[in-house]
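Numbering (our numbering), first residue to last: 1101 to 1400.
To keep things clear, I will list the structure first and then write my remarks on it.
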RNA sequence: GGCCACGUGGCGGAGUGGUGACGCAGCGGACUGCAAAUCCGCGUACCCCAGUUCAAUUCUGGGCGUGGCCU
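So, in structure tokens, the structure goes:
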């Protein structure tokens, strides 16, 4: 069973309820809750919650690492296989649309990019800016270049790395595709639907609650590691803001406000993603999803 | 009560007698290995009324409102 939904929609609690009905195992599909160093600020399930039902792929990655869809997909594959082998139902829960897409539609079989090529391209991005990289991509992989916006640093970098490393265009690799791990038609999938305004209120109160339960200290410990600010974990909602506050650059109120705003904006992108990229996912409320899980449990 | 200033989109803030500065917030969209990332797009705003004018957000008069100063 796949459960997606916007941040602060109550996915974790829903997952617990569903797992209890199905006797399932909860598997994380959130790109930030995988980081060990970020528990409070990412609203990862608490140890108490984790004790209620088995959870996998939460906090299993160090913040110094560059996790990715590819790694998650492999981890998820292993986890799903394990859960099924044990005769349980995997309940995959998270807010990262790209992860669910990879899971249900497969990921291109692009080999890992050699470290030196990656470093070169990223170094150039920093020193020269996107424009030259885009120009080069237009020569080496016109198809991808045309597809991408000239300012899209992230994707342009990736596309260029891929042609340089493999000699094939990213579009080529994508066409080839790869089998999906989960057949979308055979898995129940839901997008937990919560009204935008209500979500905004929950984000506000949740962020304040995070601060009240040690988010600042957690971020301080993370900051003390002196990691590269470009690492994904360093960009988790609220982290950059709270670091600025810890440095005395802004007040706590301003930091909180920034963190809340980023989270709300993200929520909108999540909705856009599922609405348009995964149109076959029904948007339902928590009660409905629990009811469906209960039906399932009866049949099984 | 008198004098002065100001009234621009949700907020901040330019400006002009005839092409919607801009910033923030918000909304929509893209999305295949950093995705809580990266990127793209979107606003018939000029307090009200009358006048001048081919044309008023812009000029004039009045009204209302806000702020400051004065008595």
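Even glycine gets a Cβ: it sits at the ideal position worked out from N, Cα and C.
8 Å Cβ cutoff met for residue 1245 and residue 1254: Numbered from its first residue, the first chain carries residue 1245 at position 145. Numbered from its first residue, the first chain carries residue 1254 at position 154. Result no, Cβ atoms of residue 1245 and residue 1254 do not sit closer than 8 Å.
Three-pair Cβ contact test at 8 Å for the stretch 1216 to 1231 versus the stretch 1292 to 1309: no
Residue(s) in a DSSP beta bridge with residue 1289: Locating residue 1289 in the first chain gives position 189, where the first residue counts as 1. DSSP lists 1102 as partners of residue 1289.
Residue of 1122, 1212, 1167, 1398 minimising C-alpha distance to residue 1273: Against the first chain, residue 1273 aligns to sequence position 173. Closest option to residue 1273, Cα to Cα, is 1212.
Burial state of residue 1129 (16 or more Cβ within 10 Å): Position 29 of the first chain, counting from 1, holds the residue named residue 1129. Flag for residue 1129 reads buried.
The stretch 1183 to 1198 in contact with the stretch 1113 to 1132 per 3-pair CB rule at 8 Å: yes
Distance CB(residue 1169)-CB(residue 1199) smaller than 8 Å: Here residue 1169 is taken as the residue at index 69 of the first chain, counted from 1. Here residue 1199 is taken as the residue at index 99 of the first chain, counted from 1. Cβ atoms of residue 1169 and residue 1199: closer than 8 Å.
Residue 1157, DSSP secondary structure in three states: Residue 1157 sits at position 57 when you count from the first residue of the first chain. Correct three-state label for residue 1157: coil.
Cβ contact check for the stretch 1309 to 1323 and the stretch 1367 to 1380: 3 or more pairs under 8 Å: no
Residue environment, residue 1174, which counts as buried when at least 16 other CB atoms sit within 10 Å: For this step, residue 1174 is matched to residue 74 along the first chain. The residue in question, residue 1174, is exposed, as its Cβ has fewer than 16 Cβ neighbours within 10 Å.
Span of the beta strand (DSSP E) around residue 1193: The sequence position of residue 1193 within the first chain is 93, counting from 1. Looking at the DSSP string, the run of the beta strand (DSSP E) that includes residue 1193 is 1189 to 1194.
Between the CA atoms of residue 1299 and residue 1362 - distance to the nearest angstrom: Working through the first chain from its first residue, we reach residue 1362 at position 262. Working through the first chain from its first residue, we reach residue 1299 at position 199. If I take the Cα positions, the gap works out to 13 Å.
Cβ-based neighbour list, residue 1240, same chain, cut-off 8 Å, excluding 5 preceding and 5 following: Residue numbering aside, residue 1240 sits at position 140 when the first chain is read from its first letter. Around residue 1240: 1260, 1263, 1264, 1269.
Own chain partners of residue 1106 with C-beta closer than 7 Å, once the 5 adjacent residues on each side are dropped: Within the first chain, numbered from 1, the residue matching residue 1106 stands at position 6. Cβ neighbours of residue 1106 beyond the five flanking positions: 1195, 1294, 1299, 1367, 1370, 1371.
Buried versus exposed, by CB contacts within 10 Å (16 or more), residue 1204: The count along the first chain starts at 1 and reaches residue 1204 at position 104. Buried, by the Cβ-count rule.
For residue 1376, the three-state DSSP class (helix, strand or coil): Along the first chain, read from residue 1 onward, the residue named residue 1376 stands at position 276. Reduced to three states, the DSSP call for residue 1376 is helix.
Cα-Cα separation, residue 1114 to residue 1108: Counted from its first residue, the first chain places residue 1114 at position 14. Counted from its first residue, the first chain places residue 1108 at position 8. Whole-angstrom Cα-Cα distance: 11 Å.
CB contact flag (residue 1318, residue 1103, <8 Å): Numbered from 1 along the first chain, position 218 holds the residue referred to as residue 1318. Numbered from 1 along the first chain, position 3 holds the residue referred to as residue 1103. No, they are not a contact pair.
Beta-carbon proximity of residue 1386 to residue 1342, cut-off 8 Å: As a first step, residue 1386 is located in the first chain; it is residue number 286 there, counting from the start. As a first step, residue 1342 is located in the first chain; it is residue number 242 there, counting from the start. Contact: no.
Simplified DSSP assignment, three categories, for residue 1135: Numbered from its first residue, the first chain carries residue 1135 at position 35. In this structure, residue 1135 counts as strand in the three-state DSSP scheme.
Where the alpha helix (DSSP H) through residue 1169 begins and ends: Translated into positions along the first chain, residue 1169 becomes position 69. Run containing residue 1169: 1169 to 1185, per the alpha helix (DSSP H) assignment.
Nearest-angstrom Cα separation, counted from residue 1345 out to residue 1096: Nothing in the structure corresponds to residue 1096, since the chain is present only between 1101 and 1400.
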